[in-house]
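See below for the structure under consideration.
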Amino acid sequence: MQKRLLGIHGFKVSEVGLGCWQLGADWGESLSQTTSFNILNEAVKNGITFFDTADVYGNGKSETTIGEFLKTTETPIRVATKFGRAANAFPDKYTKAILRESVEASIERLDVESLDLLQLHCIPIQYLKDGAIFDWLRELKAEGLIKHFGASVETVEEGLICLEQPGLLSLQVIFNIFRQKLVTELLPQAQAKGVGIIVRLPLASGLLSGKFTKDTTFSENDHRNYNKNGEAFNVGETFAGLPFQTGIDLVETIKTNILPSSLTMVQLALRWLLDHPAVSSIIPGASAPNQVISNAAVSSLESLSAETHHALTQLYNTQIHNQIRGGY
Ligand SMILES: NC(=O)c1ccc[n+]([C@@H]2O[C@H](COP(=O)([O-])OP(=O)(O)OC[C@H]3O[C@@H](n4cnc5c(N)ncnc54)[C@H](OP(=O)(O)O)[C@@H]3O)[C@@H](O)[C@H]2O)c1
């Protein structure tokens with residue numbers, strides 16, 4: 527597993543990390559503690575040393591599970607968590623006291639002395655523009671409750687606002703073959719400022735794994751059912767903002783016209799991301815241990831050819847860009 531620096535003033539992370547939303551909620555049948563531990567174990571066995579979670583995932587369950595897992599491994603793991611989408615704060619109760627309370631609760635659930643990285647969790651843009659919340663984060667950092675802070679954002683505009691904040695370690699963004707808008711402006715600016723990039727939805731909620739068909743259905747409590755058109759939160763967080771059927775057609779086009787015969791769709795999608803030098807770590811989520819194994823293995827693959835990159839850029843510009851819904 528290759529490592530990369532997360533932000534010039536940050537720490538090394540495995541270039542393939544693990545998204546831990548699945549350990550909490552919103553993905554259908556909730557994962558048993560055994561499955562969650564198997565996923566985390568397999569991640570560490572395969573060189574993954576960077577986990578992404580949030581206070582709100584399963585109302586603390588994802589963080590608690592990670593906290594329990596950390597006691598069972600000697601491998602040093604960096605955990606990034608988030609604040610700002612739980613009911614104590616979202617959508618309009620952002621105060622210094624609530625931020626502090628939430629950080630202390632995350633520290634307790636993860637059972638650590640301080641948080642490696644606290645990310646603002648897609649908070650409304652007016653709080654990013656106002657900037658007071660970043661002052662509070664700098665205070666928490668000075669006190670040692672958090673080692674670093676970053677922001678998870680939904681749009682290029684939000685990302686650019688955050689980049690102006692001194693001390694910001696990282697941006698977490700939705701970036702994948704279906705969602706390439708940030709290549710031209712946001713990624714180069716982040717790189718120029720030494721801000722790390724954490725990539726969520728690298729597989730567009732599983733669409734880019736190529737395993738779904740038009741007939742695939744998702745259970746009632748899976749966001750790929752209840753948020754498929756943005757009914758519950760930003761549509762971009764589900765299938766990267768594409769209508770499901772459109773995504774299926776696009777995957778077929780990629781399989782037929784672009785996918786090199788030596789690669790699987792998962793390998794193409796994840797390797798494409800790792801080929802961008804601005805990226806620090808991609809954090810595919812997993813519902814089963816075998817997914818983690820194949821995702822981690824992408825780190826040892828060769829870069830894609832210039833022709834493959836060119837074909838995927840062309841496809842995005844001509845057939846995908848205009849179909850993305852939601853703030854972007
Ligand atoms: N606002 C935010 O900050 C925010 C929002 C969303 C996500 N995130 C973070 O980003 C992480 C990643 O995003 P995501 O989980 O939403 O989307 P993702 O990584 O694009 O998709 C994850 C899904 O893809 C499927 N998958 C993964 N590896 C696979 C493999 N090797 N083969 C076949 N299928 C595979 C699984 O689907 P099945 O479940 O169908 O098996 C898995 O649940 C999350 O876990 C979370 O930590 C943050």
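Under this note's numbering, residue 854 is the last one in the sequence shown; the count climbs by one each step, no gaps. Don't be surprised by glycine CBs; every beta carbon is placed ideally from N, CA and C.
- Message: Taking only three categories from DSSP, how would you classify residue 616?
- Response: Here residue 616 corresponds to residue number 90 of the sequence shown, with the count starting at 1. In the structure shown, residue 616 adopts coil according to DSSP, grouped into three states.
- Do the region 543-556 and the region 571-578 meet, that is, are 3 or more Cβ pairs less than 8 Å apart? The region 543-556 and the region 571-578 touch, with no fewer than 3 CB-CB distances between them shorter than 8 Å.
- Give, in chain order, every unbroken run of the alpha helix (DSSP H) that is at least 4 residues long and sits entirely within the region 629-668. With a minimum length of 4 residues, the continuous alpha helix (DSSP H) runs that stay inside the region 629-668 are 651-656.
- Message: Does the contact criterion of 3 or more C-beta pairs under 8 Å hold for the region 600-618 versus the region 579-590?
- Response: With the cut-off at 8 Å, the region 600-618 and the region 579-590 touch.
- Query: DSSP beta-bridge partners for residue 807?
  - Reply: Counted from its first residue, the sequence shown places residue 807 at position 281. Looking at the DSSP assignment, residue 807 forms a beta bridge with 724.
- Query: Should residue 724 go down as buried or exposed, given a rule of 16 or more other Cβ atoms within 10 Å for buried?
  - Reply: Along the sequence shown, read from residue 1 onward, the residue named residue 724 stands at position 198. Residue 724 counts as buried, since at least 16 other C-beta atoms from the protein chains shown sit within 10 angstroms of its C-beta.
- What is the rounded straight-line gap between the Cα of residue 698 and the Cα of residue 741? Your numbering for residue 698 matches position 172 in the sequence shown. Your numbering for residue 741 matches position 215 in the sequence shown. The straight-line gap separating the alpha-carbon atoms of residue 698 and residue 741 is approximately 32 Å.
- Message: Closer than 6 Å to a non-hydrogen atom of ligand 1 - does that hold for the CB of residue 546?
- Response: Residue numbering aside, residue 546 sits at position 20 when the sequence shown is read from its first letter. Set against 6 Å, the gap from the CB of residue 546 to the closest heavy atom of ligand 1 is smaller.
- Can you tell me the Cα-Cα spacing of residue 626 and residue 666, whole angstroms? Translated into positions along the sequence shown, residue 626 becomes position 100. Translated into positions along the sequence shown, residue 666 becomes position 140. CA-CA distance, residue 626 to residue 666, rounds to 8 Å.
- Item | Residue range of the alpha helix (DSSP H) that includes residue 740 | Numbered from 1 along the sequence shown, position 214 holds the residue referred to as residue 740. Segment: none, residue 740 is in no alpha helix (DSSP H) and carries neither H nor E.
- Item | Cut-off 6 Å between Cβ atoms - residues of its own chain near residue 745, not counting five sequence neighbours on either side | Counted from its first residue, the sequence shown places residue 745 at position 219. The beta carbon of residue 745 sits closer than 6 Å to the beta carbons of 554 from its chain, once the five residues preceding and following it are set aside; these are given in chain order.
- Query: Can you tell me whether DSSP reads residue 759 as helix, strand or coil?
  - Reply: As a working note, residue 759 is residue 233 in the sequence shown. In the structure shown, residue 759 sits in coil (DSSP, three-state: anything other than H, G, I, E or B).
- Euclidean distance between Cα positions of residue 533 and residue 778: In the sequence shown, the residue the question calls residue 533 occupies position 7. In the sequence shown, the residue the question calls residue 778 occupies position 252. For residue 533 and residue 778, the distance between alpha carbons rounds to 36 Å.
- How many Å lie between residue 837 and residue 638 at the Cα? Taking the first residue of the sequence shown as position 1, residue 837 is located at position 311. Taking the first residue of the sequence shown as position 1, residue 638 is located at position 112. So the alpha carbons of these two residues sit roughly 45 Å apart.
- Query: Alpha carbon to alpha carbon, what distance is there between residue 789 and residue 655?
  - Reply: As a working mapping, residue 655 is identified with position 129 in the sequence shown. As a working mapping, residue 789 is identified with position 263 in the sequence shown. If I take the Cα positions, the gap works out to 43 Å.
- Query: In the DSSP assignment, what are the bridge partners of residue 678?
  - Reply: The count along the sequence shown starts at 1 and reaches residue 678 at position 152. Answer by DSSP bridge pairing, in chain order: 647 and 698.
- Query: Cβ atoms of residue 730 and residue 770: under 7 Å apart, would you say?
  - Reply: Within the sequence shown, residue 770 is the residue found at index 244, counting from 1. Within the sequence shown, residue 730 is the residue found at index 204, counting from 1. No, the pair does not count as a contact, with Cβ atoms beyond the cut-off.
- Query: For the beta strand (DSSP E) that contains residue 607, what are its first and last residues?
  - Reply: By 1-based counting over the sequence shown, the position of residue 607 is 81. Counting along the chain, the beta strand (DSSP E) containing residue 607 begins and ends at 604-609.
- May I ask you to report which of helix, strand or coil DSSP gives residue 704? On the sequence shown, residue 704 is found 178 positions in, with the first residue counted as 1. Residue 704: coil per DSSP, three-state reduction.
- What residues are listed by DSSP as bridge partners for residue 545? As a first step, residue 545 is located in the sequence shown; it is residue number 19 there, counting from the start. Looking at the DSSP assignment, residue 545 forms a beta bridge with 578 and 811.
- Message: With the cut-off set at 7 Å, would you say residue 672 and residue 641 are in Cβ contact?
- Response: The count along the sequence shown starts at 1 and reaches residue 672 at position 146. The count along the sequence shown starts at 1 and reaches residue 641 at position 115. Their beta carbons are under 7 Å apart, which means residue 672 touches residue 641 by this criterion.
- Starting from residue 538, trace the beta strand (DSSP E) both ways and give me its first and last residue. Sequence index remark: in the sequence shown, residue 538 carries index 12 (1-based). From DSSP, the beta strand (DSSP E) with residue 538 extends over 537-540.
- Continuous beta strand (DSSP E) stretch holding residue 827: start and end: If you number the sequence shown from 1, residue 827 lands on position 301. Boundaries cannot be given for residue 827, as no beta strand (DSSP E) includes it and DSSP labels it neither H nor E.
- DSSP on residue 552, reduced to helix/strand/coil? Along the sequence shown, read from residue 1 onward, the residue named residue 552 stands at position 26. Under the three-state reduction of DSSP output, residue 552 falls in the coil class, being neither helix nor strand.
- Query: Candidates 622, 815 and 830: which alpha carbon is nearest residue 561's?
  - Reply: Here residue 561 is taken as the residue at index 35 of the sequence shown, counted from 1. Of the candidates 622, 815 and 830, the one whose C-alpha sits nearest the C-alpha of residue 561 is 815.
- Collapsed DSSP secondary structure at residue 571 in the structure displayed: Locating residue 571 in the sequence shown gives position 45, counting from the first residue. Three-state DSSP puts residue 571 in a helix.
- Message: Using 7 Å as the threshold, is the C-beta distance between residue 767 and residue 851 below it?
- Response: On the sequence shown, residue 767 is found 241 positions in, with the first residue counted as 1. On the sequence shown, residue 851 is found 325 positions in, with the first residue counted as 1. For the pair residue 767 and residue 851, the CB atoms are nearer than the 7 Å cut-off.
- Which first and last residues belong to the beta strand (DSSP E) in which residue 530 is found? Here residue 530 is taken as the residue at index 4 of the sequence shown, counted from 1. Boundaries of the beta strand (DSSP E) harbouring residue 530: 529-532, taken from the DSSP string.
- Can you find a heavy atom of ligand 1 that lies under 6 Å from the Cβ of residue 821? Walking along the sequence shown from the start, residue 821 turns up at place 295. Remark: the shortest separation between the CB of residue 821 and any heavy atom of ligand 1 falls under 6 Å.
- Query: By how many angstroms is the C-alpha of residue 806 removed from the C-alpha of residue 720?
  - Reply: For the purposes of this step, residue 720 is taken as residue 194 along the sequence shown, with counting starting at 1. For the purposes of this step, residue 806 is taken as residue 280 along the sequence shown, with counting starting at 1. Answer to the nearest angstrom: the Cα atoms are 11 Å apart.
- Query: From this set, 830, 644, 800 and 773, which residue's C-alpha is nearest residue 732's C-alpha?
  - Reply: Taking the first residue of the sequence shown as position 1, residue 732 is located at position 206. Taking each of 830, 644, 800 and 773 in turn and checking the Cα distance to residue 732, the smallest one comes out for 773.
- Task: Could you check how far apart the C-beta atoms of residue 696 and residue 536 are, in whole angstroms? I think they sit under 8 Å.
- Result: The residue labelled residue 696 in the question sits at position 170 within the sequence shown. The residue labelled residue 536 in the question sits at position 10 within the sequence shown. Contact holds; Cβ gap of about 7 Å.
- In terms of residue numbering, what span does the alpha helix (DSSP H) encompassing residue 782 cover? On the sequence shown, residue 782 is found 256 positions in, with the first residue counted as 1. Start and end: 770-783.
- Query: Taking 6 Å as the cut-off, is the CB of residue 648 close to at least one heavy atom of ligand 1?
  - Reply: Your numbering for residue 648 matches position 122 in the sequence shown. Yes, ligand 1 has a heavy atom inside 6 Å of this Cβ.
- Task: Assuming residue 678 and residue 644 form a contact by the criterion Cβ under 8 Å, report the distance between their Cβ atoms to the nearest whole angstrom.
- Result: Indexing the sequence shown from 1 puts residue 678 at position 152. Indexing the sequence shown from 1 puts residue 644 at position 118. Between residue 678 and residue 644, the beta carbon gap of about 11 Å keeps them out of contact (Cβ cut-off 8 Å).
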